[in-house]
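*Asks:* Chains P and F, in that order, are what the protein sequence lines are.
With the working numbering applied, the first sequence covers 1 to 621.
With the working numbering applied, the second sequence covers 1001 to 1449.
Once you've had a glance at the structure underneath, I'll fire off some questions.
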Amino acid sequence: MKYEVIVVGGGHAGIEAAHATAKIGHKTLLITGNISNIGDMPCNPSIGGTSKGIIVREIDALGGLMGKVADETQIQMKMLNGSKGPAVRCLRAQADKETYPKRMQEILLNLPNLTVMERMVEDLIVVDGKIKGIILENNEHIESNIVILTTGTYLKSQILRGFNKKDEGPHGEKRSNHLSDNLKKYGFKLLRLKTGTPPRIDATTIDYSKMKKEPGDNHVWSFSFDEKRIYDPEKQECCYLIYTNDKTHKIIRDNLKLSSMYGGIVEGVGPRYCPSIEDKIVRFSDKEKHILFLEPQSVVPTSKYYNSLYLQGFSTSMPENIQEEMVHSLEGFENAKILEYAYAIEYDAIDPLQIKPSLESKIIENLFTAGQINGTSGYEEAAGQGLIAGINASLKLKNKNPLILKRSDAYIGVLIDDLVTKGTIEPYRMLTSRAEYRLILRHDNADLRLRNYGYEVGLISEFQKERLDDKIERINKLKESLKNIKLKKEDIDDILDITSTISFYDLIKRSDVSMEIIDSLKKYIPEKDEDIIYEAIIDIKYSGYIDKTIKDVERMVKLEEKKIPSDIDYSKIKNLASEARQKLENIRPETIAQASRISGVNPSDISILAIYLKKEYSKNE
Amino acid sequence: MSDTICAISTALGVGGIAIIRVSGVDAIDIVNSIFEGKDLKKVKSHTINYGHIKFNNEIIDEVLVSVMRAPKTYTTEDIVEINIHGSIATTNKVLEILLNSGCRLAEPGEFTKRAFLNGRIDLVEAEAVGDLISAETDNARNLSMNHLSGKLSEIIRTIKKMILEIEANIEVNIDYPEYEDIETVDHSKMTEALQKIKELVDKMLSESNTGRIIKNGINVVLIGLPNVGKSSILNALLEEEKAIVTDIAGTTRDTVEGHMQLNGVLINFIDTAGIRDTEDKVEKIGVEKSMIAIDNSDLIIFIHPINEPIRDEEKKILDSIKKKKHIIMVNKDDLKSECNYDFGEEVIYGNTISKNGLDALKNKIIELFSLSDITKKDFTYISNARQLALMEQVKDSINRAIVATQKKLPVDIIEIDLTSARNCLGDILGENYKDDLLDELFSNFCIGK
Chain P
1 MKYEVIVVGG
11 GHAGIEAAHA
21 TAKIGHKTLL
31 ITGNISNIGD
41 MPCNPSIGGT
51 SKGIIVREID
61 ALGGLMGKVA
71 DETQIQMKML
81 NGSKGPAVRC
91 LRAQADKETY
101 PKRMQEILLN
111 LPNLTVMERM
121 VEDLIVVDGK
131 IKGIILENNE
141 HIESNIVILT
151 TGTYLKSQIL
161 RGFNKKDEGP
171 HGEKRSNHLS
181 DNLKKYGFKL
191 LRLKTGTPPR
201 IDATTIDYSK
211 MKKEPGDNHV
221 WSFSFDEKRI
231 YDPEKQECCY
241 LIYTNDKTHK
251 IIRDNLKLSS
261 MYGGIVEGVG
271 PRYCPSIEDK
281 IVRFSDKEKH
291 ILFLEPQSVV
301 PTSKYYNSLY
311 LQGFSTSMPE
321 NIQEEMVHSL
331 EGFENAKILE
341 YAYAIEYDAI
351 DPLQIKPSLE
361 SKIIENLFTA
371 GQINGTSGYE
381 EAAGQGLIAG
391 INASLKLKNK
401 NPLILKRSDA
411 YIGVLIDDLV
421 TKGTIEPYRM
431 LTSRAEYRLI
441 LRHDNADLRL
451 RNYGYEVGLI
461 SEFQKERLDD
471 KIERINKLKE
481 SLKNIKLKKE
491 DIDDILDITS
501 TISFYDLIKR
511 SDVSMEIIDS
521 LKKYIPEKDE
531 DIIYEAIIDI
541 KYSGYIDKTI
551 KDVERMVKLE
561 EKKIPSDIDY
571 SKIKNLASEA
581 RQKLENIRPE
591 TIAQASRISG
601 VNPSDISILA
611 IYLKKEYSKN
621 E
Chain F
1001 MSDTICAIST
1011 ALGVGGIAII
1021 RVSGVDAIDI
1031 VNSIFEGKDL
1041 KKVKSHTINY
1051 GHIKFNNEII
1061 DEVLVSVMRA
1071 PKTYTTEDIV
1081 EINIHGSIAT
1091 TNKVLEILLN
1101 SGCRLAEPGE
1111 FTKRAFLNGR
1121 IDLVEAEAVG
1131 DLISAETDNA
1141 RNLSMNHLSG
1151 KLSEIIRTIK
1161 KMILEIEANI
1171 EVNIDYPEYE
1181 DIETVDHSKM
1191 TEALQKIKEL
1201 VDKMLSESNT
1211 GRIIKNGINV
1221 VLIGLPNVGK
1231 SSILNALLEE
1241 EKAIVTDIAG
1251 TTRDTVEGHM
1261 QLNGVLINFI
1271 DTAGIRDTED
1281 KVEKIGVEKS
1291 MIAIDNSDLI
1301 IFIHPINEPI
1311 RDEEKKILDS
1321 IKKKKHIIMV
1331 NKDDLKSECN
1341 YDFGEEVIYG
1351 NTISKNGLDA
1361 LKNKIIELFS
1371 LSDITKKDFT
1381 YISNARQLAL
1391 MEQVKDSINR
1401 AIVATQKKLP
1411 VDIIEIDLTS
1421 ARNCLGDILG
1431 ENYKDDLLDE
1441 LFSNFCIGK
């Protein structure tokens, strides 16, 4: 039996990769250690959030699954950063840990062209530097043209609690024992990374009376651009906010040496943005209290996650008995029952500098990698890469150029460019601050930015494409007609001080005119679709800043167009600083723009490189 | 750039010793080939070696040769410096021999350029070195030395850090919106921070004007109708100050008639040829011509002879200089006064026969430019056009951010101008380390699940 594509792993990256290749029409095999674990959320019970919420919408724009399934299974929706600026608004769903994976499994198991198989993969078939298939733990060979590795944290994973180390994946799942060693054998550089997760608490054993409620928005939101969900905002689940206290801090300080982290048994590098509670207390010792959030995991009574709360902010590698003390020190948790103890997990990843912007490996042709194996962290980051890996696997099979999203196209573009250009030493998480062109990478325009790419690769249907074209046309039409709508003094007198008349367009541009004011004048807007109105308003209101960003983008794109020949010999370029030479040699950037983003490559190195390219290669042009 | 360069690195004809500097991969080999003494290829790095320069079996000069091996040298390349005891002719001869032995004559500033391209110094330092080389007066030399020590870089880094701190705070608010224990950057906090940044930037820019004066001198224009005594006043000033300096190319777009030093600051007298040369065509005296000279100067000295009444053309000129730094001098005060015009301000009287009034004129210049204590000031100003232009951009960005804050635009929008200000500061330093925002963010805020 031969496949066109084999996807190894059924996490968020594997799902999008397999769904994409199968949907485009390639005969695809997804291999996972446990079918009922496909789409599992081993950490927090939410999808989206700051910057990640934009990735989810980008996935939806390109034709991926994550946004639609999150919409279907959410138990609370919230738009974050409402007041901080149009670019940083992000949607977050509390997703049900029971129904989210179930829905994913249902979709994949019913997808034509996709076979799902429960096995462990331990090696690859590589012939002349090209992938030919995979080898299972029973030494069975399965052939394919393309392999996509989305192994998550399962490569030689170890679960750590205190001095206790277990060779297993999350939830005691089987780990892959040899695949990472075999990757090393083929020339991959391995990283040992660490991450962690907090304890889960029995919701019926805590006292909520002193906790601050964090309800969902009183507004109906959806990630998907295709189907607006209908739900009752009143009936959303609540999250809760609490704080640690002196007692908690003392327990942690007194037992610091017992944690895996401070006891010295952790080898992996953990993320700065996701420190354990003991890290927070050591690094910010003057802080009297730390914030924690309680998030419901499932509302399905038959689920193992029912009445189970995720204690965000309390991730730890302390032994179980100390965790008991720590949890009980929290206000309202005096009698709390821990359902699952917190743990740290270490796992192997590959150095992302060894992959191309297409996510194909530089070492083995037709081998793609996506998700945590590339050094990232987070469901959304994984899913975004999985989707791009699937799309590029398909394009490779069709002998077409890969889809490489630029930093000005999408957060997914920023993510992949950062990975393959800068590499990472800690699990990489997307942050709004990583995107320098974020004013044009908004959640609301993800479809305008990306849908056409999805259409070209075959993940977006004719119908969806027609809807997009119609939306674009209506936005442009609305922007024009707002110029011709004159508001009279008496129309807006009680809201604003104007002399006689003003066009709606100019009114929007005024900085003292808020979204609320515009909203109150909605009856004068000749368009009823909220999304279209919002888009037009943002375009008009922030046009000065948007134009500035677009100018910056144009400058970058120019550098992006300056390709560096793949056969370039950096040792021949005199006067490059040796650090820059080494980095360029190692990363082999594809464009001058990418080269300029490598840390340790200075502007002077870039000018030297540019001069060399001009001298050496322009004669052949 | 892989070739070896050489140049005479001391001023020709000044002092008894000249130094020729050679830098590049073949520096040691080339000098060794014309050197008689120890084998320079074998001597230790950073040593001075006695010997002779020999060419075609002829000894040219007795020399001391410093050998400095890469990378711990100014350019980070191998450097050899030849100390020559001889005359200008000998120095030129040695240079010629080096050029014939495989060296290329360095372009102006090329050693510094290499130091910068090789990552040895940052842009501010590189520019300061160029200034040091062309420093004409002691004060200008001090200014350059301060840049070298990184003082300017330090202040720019301080401003950059202030911007970075507020940006990091905004970013944390954006990425962790529900962390209510982290201070939120609201409009009042933003205003407060921006004001502090603005003060620093403004101070730097206003001081940089003094810096420019120290570096380039003060451009002075003497104007007045023909025959009022401009040339004699100029000559009297120059004659008295015997320290006439040679022309410095590029300090001004105009023809410089002469220089003098005042409290260590260079005073450049700019030619106003149009006025001087048209004595017999009084009617055609272009007020226009004077205007151009006025525009290009830091100081205008208007001269009127006491024995003539004020003419209409002169009134026009007086009007046009009101807004600029100027001094009114009434000349020929040894003659009978025919002028009862009220200038409406302090006027200096004098003449070039008894030299009366010349000291008053000089003191007035010192007063106008605060030159009396200029030597005691700490020179950390921006002193070149590139840095100044970027600093102006920083100022504009900060001002835009202040306006946006007043208009209560969302913080994320305001931050766009903060980021461009920070990038400009990075450009002044010639560095742009992209991840500094993230580093700031993670080291100052406790966040994460």
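Beta carbons are placed, not taken as given, at the ideal position from N, Cα and C, and that holds for glycine.
With 8 Å as the C-beta to C-beta threshold (strictly closer), list the residues of the segment 88–110 of chain P near chain F in chain order.
*Replies:* From the segment 88–110 of chain P, only V88 have a Cβ closer than 8 Å to chain F.
*Asks:* Does any C-beta atom of chain F lie closer than 8 Å to the C-beta of P/N218?
*Replies:* What you label residue 218 of chain P is simply residue 218 of the first sequence in a count that begins at 1. So no, P/N218 is outside the interface.
*Asks:* Since F/I1005 and F/E1110 are thought to touch, with beta carbons under 8 Å apart, how far apart are those beta carbons, to the nearest angstrom?
*Replies:* Locating residue 1005 of chain F in the second sequence gives position 5, counting from the first residue. Locating residue 1110 of chain F in the second sequence gives position 110, counting from the first residue. F/I1005 to F/E1110, Cβ: 6 Å. Contact.
*Asks:* For P/T73, which residues does DSSP report across the bridge?
*Replies:* As a working mapping, residue 73 of chain P is identified with position 73 in the first sequence. None, per the DSSP bridge assignment.
*Asks:* Is P/K563 helix, strand or coil when you go by DSSP?
*Replies:* Looking up residue 563 of chain P in the first sequence gives position 563. DSSP places P/K563 in strand when its eight states are reduced to three.
*Asks:* Cβ atoms of F/G1229 and F/P1305: under 8 Å apart, would you say?
*Replies:* To locate residue 1305 of chain F, count along the second sequence from 1; it is residue 305. To locate residue 1229 of chain F, count along the second sequence from 1; it is residue 229. Contact: yes.
*Asks:* Under a three-way DSSP split, which group does P/G133 fall into?
*Replies:* In the first sequence, counting from the first residue as 1, residue 133 of chain P sits at position 133. Of the three classes helix, strand and coil, the one that applies to P/G133 here is strand, per DSSP.
*Asks:* Going along chain F, which residues have a C-beta under 9 Å from P/I242?
*Replies:* Residue 242 of chain P sits at position 242 when you count from the first residue of the first sequence. Chain F residues near P/I242: none, gap ~12 Å exceeds 9 Å.
*Asks:* Scan the segment 59–86 of chain P for residues whose Cβ lies nearer than 8 Å to a Cβ of chain F and list them as they occur along the chain.
*Replies:* Residues passing the 8 Å Cβ filter: L80, N81, S83, K84, G85, P86.
*Asks:* Measuring CA to CA, which of P/N335, P/I416, P/I146 is closest to P/A203?
*Replies:* Numbered from its first residue, the first sequence carries residue 203 of chain P at position 203. Ranking the options by Cα distance to P/A203, first place goes to P/N335.
*Asks:* In chain order, what residues of the same chain have a beta carbon less than 8 Å from the beta carbon of F/T1246, not counting five sequence neighbours either side?
*Replies:* Numbered from its first residue, the second sequence carries residue 1246 of chain F at position 246. Residue placement at F/T1246 cannot be trusted, given a pLDDT of 32 that sits under 50; what the coordinates show is reported in the next sentence. Closer than 8 Å at Cβ, skipping near neighbours: no residue.
*Asks:* Can you tell which of P/H19, P/Y306, P/E527 has the C-alpha that lies nearest to the C-alpha of P/N110?
*Replies:* By 1-based counting over the first sequence, the position of residue 110 of chain P is 110. Closest option to P/N110, Cα to Cα, is P/H19.
*Asks:* Is the beta carbon of P/T205 sitting closer than 8 Å to the one on P/M326?
*Replies:* Counted from its first residue, the first sequence places residue 205 of chain P at position 205. Counted from its first residue, the first sequence places residue 326 of chain P at position 326. In this structure, P/M326 does not lie closer than 8 Å to P/T205 by Cβ.
*Asks:* Just to confirm, is the Cβ distance from P/I31 to P/V8 under 8 Å?
*Replies:* As a working note, residue 31 of chain P is residue 31 in the first sequence. As a working note, residue 8 of chain P is residue 8 in the first sequence. Contact: yes.
*Asks:* Give me, in chain order, the residues of the same chain whose beta-carbon lies closer than 6 Å to that of F/A1404; leave out the 5 immediate sequence neighbours on both sides.
*Replies:* Stepping through the second sequence from its first residue, residue 1404 of chain F is reached at position 404. So the qualifying residues of the chain are I1414.
*Asks:* Assign P/G423 to one of two classes, buried (16 or more other C-beta atoms within 10 Å of its C-beta) or exposed (fewer than that).
*Replies:* For the purposes of this step, residue 423 of chain P is taken as the residue at position 423 of the first sequence. Per the 10 Å Cβ criterion, buried.
*Asks:* Between the segment 503–514 of chain P and chain F, which residues of the former have CB atoms less than 8 Å from a CB of the latter, in chain order?
*Replies:* So the close ones are S511, D512.
*Asks:* With a threshold of 6 Å on Cβ separation, who are the neighbours of F/M1190 within its own chain once the five nearest residues in sequence on each side are excluded?
*Replies:* To locate residue 1190 of chain F, count along the second sequence from 1; it is residue 190. Hits under 6 Å: T1405.
*Asks:* Could you tell me whether the Cβ atoms of P/I508 and P/I540 are closer together than 8 Å?
*Replies:* As a working mapping, residue 508 of chain P is identified with position 508 in the first sequence. As a working mapping, residue 540 of chain P is identified with position 540 in the first sequence. In contact: P/I508 and P/I540 (Cβ atoms closer than 8 Å).
*Asks:* Identify the contact partners of P/S51 in chain F, using a Cβ-Cβ distance below 9 Å as the criterion.
*Replies:* Reading the first sequence from its first residue, position 51 is the one you call residue 51 of chain P. Near P/S51 (Cβ distances below 9 Å), the residues of chain F are I1174, D1175.
*Asks:* Quick one: using the 10 Å Cβ neighbour count with 16 as the cut-off for buried, is F/A1389 buried or exposed?
*Replies:* Locating residue 1389 of chain F in the second sequence gives position 389, counting from the first residue. Burial call: exposed.
*Asks:* Does the separation of the CB atoms of P/R449 and P/A410 fall below 8 Å?
*Replies:* Along the first sequence, read from residue 1 onward, the residue named residue 449 of chain P stands at position 449. Along the first sequence, read from residue 1 onward, the residue named residue 410 of chain P stands at position 410. Yes; because the gap between Cβ atoms is below 8 Å, this pair is in contact.
*Asks:* Spatial neighbours of P/A610 within its chain, please: C-beta separation below 7 Å, excluding the five flanking residues on both sides.
*Replies:* As a working mapping, residue 610 of chain P is identified with position 610 in the first sequence. Excluding positions up to five away in sequence, the list reads I592.
*Asks:* I want to see whether chain A comes within less than 8 Å of F/Y1179, judged by CB atoms only; does it?
*Replies:* You won't find chain A in this structure, because its protein chains are P and F.
*Asks:* With a threshold of 8 Å, are at least 3 pairs of Cβ atoms found where one atom belongs to the segment 60–78 of chain P and the other to the segment 94–103 of chain P?
*Replies:* They touch, by the three-pair rule.
*Asks:* Among P/I148, P/D232, P/L179, P/C239, which one has its Cα closest to the Cα of F/E1178?
*Replies:* Within the second sequence, numbered from 1, the residue matching residue 1178 of chain F stands at position 178. The candidate whose alpha carbon is nearest that of F/E1178 is P/C239.
*Asks:* Would you report the Cα separation of F/P1071 and P/I425, rounded to the nearest angstrom?
*Replies:* For the purposes of this step, residue 1071 of chain F is taken as the residue at position 71 of the second sequence. For the purposes of this step, residue 425 of chain P is taken as the residue at position 425 of the first sequence. Going from the Cα of F/P1071 to the Cα of P/I425 covers about 30 Å.
*Asks:* From F/V1172, F/L1368, F/D1202, pick the residue whose C-alpha is nearest to that of F/I1156; which is it?
*Replies:* Translated into the one-based positions of the second sequence, residue 1156 of chain F becomes position 156. Of F/V1172, F/L1368, F/D1202, the residue nearest in Cα terms is F/D1202.
*Asks:* Go to P/H249, then tell me how far its alpha helix (DSSP H) extends in each direction, as first and last residue.
*Replies:* What you label residue 249 of chain P is simply residue 249 of the first sequence in a count that begins at 1. Note, P/H249: alpha helix (DSSP H), 246–254.
*Asks:* I'd like to know whether the C-beta atoms of F/A1106 and F/T1075 end up nearer to each other than 8 Å.
*Replies:* In the second sequence, the residue the question calls residue 1106 of chain F occupies position 106. In the second sequence, the residue the question calls residue 1075 of chain F occupies position 75. No, the pair does not count as a contact, with Cβ atoms beyond the cut-off.
*Asks:* Can you list, in chain order, the residues of its chain with a C-beta nearer than 6 Å to that of P/N255? Leave out the 5 residues immediately preceding and following it.
*Replies:* In the first sequence, residue 255 of chain P corresponds to position 255, counting from 1. So the list reads I322, once near-sequence residues are dropped.
*Asks:* Taking only beta-carbon positions, decide if P/I291 is within less than 8 Å of chain F.
*Replies:* Here residue 291 of chain P is taken as the residue at index 291 of the first sequence, counted from 1. Chain F contact via Cβ: present.
*Asks:* Using the Cβ count rule (16 or more neighbours within 10 Å means buried), how would you classify F/S1188?
*Replies:* By 1-based counting over the second sequence, the position of residue 1188 of chain F is 188. Classification of F/S1188: exposed, given that the 10 Å Cβ count is below 16.
*Asks:* What is the DSSP secondary structure of P/M326, counted as helix, strand or coil?
*Replies:* As a first step, residue 326 of chain P must be located in the first sequence, where it is residue number 326. It is helical.
*Asks:* Could I get the ranges of all uninterrupted beta strand (DSSP E) runs contained in the segment 1035–1070 of chain F, with 3 residues as the minimum, in chain order?
*Replies:* Taking only runs of at least 3 residues, the beta strand (DSSP E) segments lying wholly in the segment 1035–1070 of chain F are 1035–1037, 1047–1055, 1058–1068.
*Asks:* What first and last residue would you give for the beta strand (DSSP E) that runs through P/D470?
*Replies:* Taking the first sequence and counting its residues from 1, one reaches residue 470 of chain P at position 470. Element bounds for P/D470: not the beta strand (DSSP E) but the alpha helix (DSSP H), 462–484.
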